[in-house]
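The numbering used here applies: residue 24 is where the sequence shown begins, and numbers increase by one. Glycine included, C-beta positions come from ideal geometry on N, C-alpha and C.
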Amino acid sequence: MYERIAGVPPPPAVLAQMVTAINNSPGQPGLLAAAAIATQAPTFYNVTLKNLVIPWTNRDQTVFAPFNDYAATVIGMVRDDVPFNTALSADLLYVVNAPGLPAPSNASNAHYATAEANGVDLSTALKPSTQSATYGTPTAATAGLLTTYAAEAAFFIKGTNRAMFRFTMINHFCNDMQTLMDTTRPTDRVRQDVARSPGGDSRVYLQTCVGCHSGMDPMAQAFAYYNFNGTVGPGPMNTGTMEYTQGQVQPKYLINATNFPFGFVTPDDSWSNRWRQGVNASLGWSASLPGSGSGAKSLGTELESSSAFAQCQVTKVFQAVCFRAPVSAADQTTVAAITASFQAGGYKLKQVFQQSAAACPGQ
C-alpha cells in the first residue's frame, strides 16, 4: 500500500505505524488509517502526484515535461484538502517558497522548473497564492487550472482555443471528443472556420463535424479573450507570454471566415452548454446552475460541478493507485462508492487516494 501511494518502499518505522493502524482497527477503518499515514510521505507529492498530473499539462500527454504551475496547484490543493470542485474556477495558484528561485511570472516557467532542478520538497515548500496577484490576471478572468501558465502555453497557443476545451474533456471528464459526439445539437453557434461541405459533401459535416462542434464551439466561446503569445517547443513546454484582452475577441476566433461566411461570428465570451440536453445530459450537469454564462470562470464552474468531473478524478486516482482501470463490475462499484464519498465529503482528493489504496491492498 505504501509503495502504491508514495512510489517508494516504506521506511521500517513508517511500516510499523501502518501495521499497528491496521491491527488496531481491522477491516476498512484500519486500511484507511494506514493509507492516511502513507499520504504523509514527501514522495507522495514529489513523485506520485507529480507523475499523475504532468501529462495533463501538455498536448503530448507526456510525463517528461517540466514541473509547472498547473501541477504545483493540483499538488497544493491535494495537500491542503482544497475542494477540488473549485479546480477549474478558483483564483488560486501555488508557488514554491524556497530560496534561489526566479519569481513566478506570466512570461516564464522558470520559477517551477528551477524548483524541480533544485529538488525542492513539494510537500512543504508549496504556498497558496492567487493568479490575480501573481500574474496580474483580472480576478473575474481566473479559472483555476485552465488559466495557469502551463495550461495557456499548451492549449491557448495559436489555433482557435478549441484545444483548451478538448484537453479539459480529456483530463477532467476522461473522454475525448469522439466519445462525446452528439449530432442532434443545434448548429447555430458553429464558427465560420468549419466548412459545411468538407470535400464537397455536406453529409460529412452533418454526420461527423456537427457532433463535436455543436457542443464544443458554444462552450469554447468562454475563452474568446485569451491567447498565449509564444513559440511552440522545443520539447513539450511552449514558451511565451499569457494574454487576456478583456472585452475584445481574439483574432483567432475569426480566422478562415470564408470557409462558411454564414457561420457564427463570435461577438464576446458568452457561452452555452448545449450538452444539457441529448446524450451528454448523462454527464450529470448541476441543476443549480443555469448552463450558460460569460467567461472561463463560469464555464469552469459548470464543468467542475458535473458528476462526470467527480467520477473522472476518482477513476484516474483508482487507476494510478491500483494499477488497473476499473473495468470489472466490482471495481466500478468501488469507484461509484468513492465518487459519492468524494462529492459528499468536500471533494478532498487526498482521501480518494486513501480510499482507493484501501480498496485494493496487496492486489
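Between A29 and A44, the C-beta spacing is not below 8 Å.
In this structure, D292 keeps its C-beta atom at 8 Å or more from the C-beta atom of A243. Straight-line spacing of the CA atoms in F90 and A113 works out to 21 Å. Here the C-alpha atom of K150 lies approximately 26 Å from the C-alpha atom of Y249. The beta carbon of Q269 is closer than 8 Å to those of P161, A164, Y248 in its chain, skipping five residues each way along the sequence. Exclusion of the five residues before and after K371 leaves D104 as the residues of its chain whose Cβ lies within less than 6 Å of its Cβ. Counting only the Cα atoms, A88 lies some 19 Å from M265. Straight-line measurement puts the Cα of A140 at about 19 Å from the Cα of N81. Counting along the chain, N252 sits inside the beta strand (DSSP E) bounded by residues 249-254. Excluding sequence positions up to five before and after Q271, its CB lies within less than 7 Å of the CB of Y248, all in the same chain and listed in chain order. Proximity of the stretch 194-211 to the stretch 293-309 meets the contact definition, three or more beta-carbon pairs being nearer than 8 Å.
Residue range 318-327 is occupied by the alpha helix (DSSP H) that includes K320. Shown here, L116 sits in a strand according to DSSP, grouped into three states.
In the DSSP annotation of this structure, S128 is not part of any alpha helix (DSSP H), being labelled neither H nor E. For G234, the enclosing alpha helix (DSSP H) starts and ends at 233-243. Taking C-beta atoms as the reference points, T171 and Y68 fail to come closer than 8 Å. When rounded, the separation of the alpha-carbon atoms in L115 and T157 is 10 Å.
Per DSSP, the continuous alpha helix (DSSP H) segment holding M192 begins and ends at 185-196.
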